[in-house]
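Note sheet for the following structure.
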Amino acid sequence: MIPDSRMSSRRLVRDPAGAVWQVAVASLALAFFRFFPLAGQPKFTVCGFHWVTGRPCPLCGMTRALSHLASGRWMEAIHLNALSPLVLAILCAAMVGGAFQLAGWDIRERAIPAAVHKYFWSGCILLFLGYGLLRLFRIVP
0 MIPDSRMSSR
10 RLVRDPAGAV
20 WQVAVASLAL
30 AFFRFFPLAG
40 QPKFTVCGFH
50 WVTGRPCPLC
60 GMTRALSHLA
70 SGRWMEAIHL
80 NALSPLVLAI
90 LCAAMVGGAF
100 QLAGWDIRER
110 AIPAAVHKYF
120 WSGCILLFLG
130 YGLLRLFRIV
140 P
């Protein structure tokens with residue numbers, strides 16, 4: 000196959016089905032958090048770690064915090080889970096990135112340097128583990 004000289008080097012050759020799912024799931028999650036506000040305190044917790052230890056895990060309160068963020072109540076959200084703005088940013092980036100991918104453009108190459116992109120998920124995992132340890136020892140709520 001001879002490459003087409005009219006194709007830009009920024010064009011994608013990926014399967015668009017993954018991008019459709021990415022945009023759909025991120026959009027539905029953001030719409031859910033925006034239009035179906037959750038109560039500040041749940042009647043019961045579904046976290047197995049919390050059931051066993053009585054202490055919150057790094058993800059405890061994330062759903063309620065994202066609901067508060069989508070409604071514009073940032074302080075309540077950060078009080079529930081300090082890492083919720085990061086998760087909201089990742090959801091928004093997934094939605095926008097998937098939409099650009101559907102349009103045929105890969106913005107990751109231009110928006111995020113390769114060195115940063117390479118270590119981003121490792122950094123997120125370390126951040127959640129550190130936050131989990133702080134919550135485990137009751138240093139942060």
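Residues in the sequence shown are numbered from 0 upward in steps of one, following numbering that gives the first Met the number 0. We put the beta carbon where it would ideally sit given N, CA and C, even for glycine. Predicted model, so just to flag it, every value in this text is computed and none were measured.
Measuring alpha carbon to alpha carbon, tell me which residue in the options is nearest residue i.
i, options, result
"LEU133", "ALA76, ALA93, GLY71, ASN80", "ASN80"
"PHE31", "HIS67, PRO15, CYS46, ALA16", "HIS67"
"MET94", "ILE77, PHE34, VAL24", "VAL24"
"ARG72", "VAL51, ARG33, PHE43", "ARG33"
"PHE43", "LEU29, CYS59, ILE124", "CYS59"
"GLU75", "ILE124, PRO112, PHE119, GLN40", "GLN40"
"ASP14", "TRP104, VAL51, HIS116, PRO112", "TRP104"
Rounded to the nearest angstrom, how far is the Cβ of residue i from that of residue j, given a contact under 8 angstroms?
i, j, result
"LEU87", "LEU126", "That belief does not hold up - the Cβ atoms of LEU87 and LEU126 are roughly 15 angstroms apart, past 8 angstroms."
"ALA28", "LEU90", "6 angstroms"
Short of 6 angstroms in beta carbon distance, which residues of its chain neighbour residue i, apart from the five on each side in sequence? Order them along the chain.
i, result
"GLY97", "ALA18, GLN21, VAL22"
"LEU37", "ARG63, SER66"
"SER70", "PRO36"
"PRO57", "PHE127, TYR130, GLY131"
"SER26", "MET94"
By Cβ distance, which residues of its chain are closer than 7 angstroms to residue i, with the 5 residues on each side in sequence left out?
i, result
"MET61", "ASN80, SER83, VAL86"
"HIS49", "PRO55, CYS56, CYS59"
"CYS46", "CYS56, CYS59"
"PRO140", "HIS78"
For residue i, which residues of its own chain have a beta-carbon under 8 angstroms away from its beta-carbon, when the five flanking residues on both sides are left out?
i, result
"ILE77", "ALA64, SER83, PRO84"
At 4 residues or longer, what runs of the alpha helix (DSSP H) sit wholly inside the segment 25 to 62?
47 to 52
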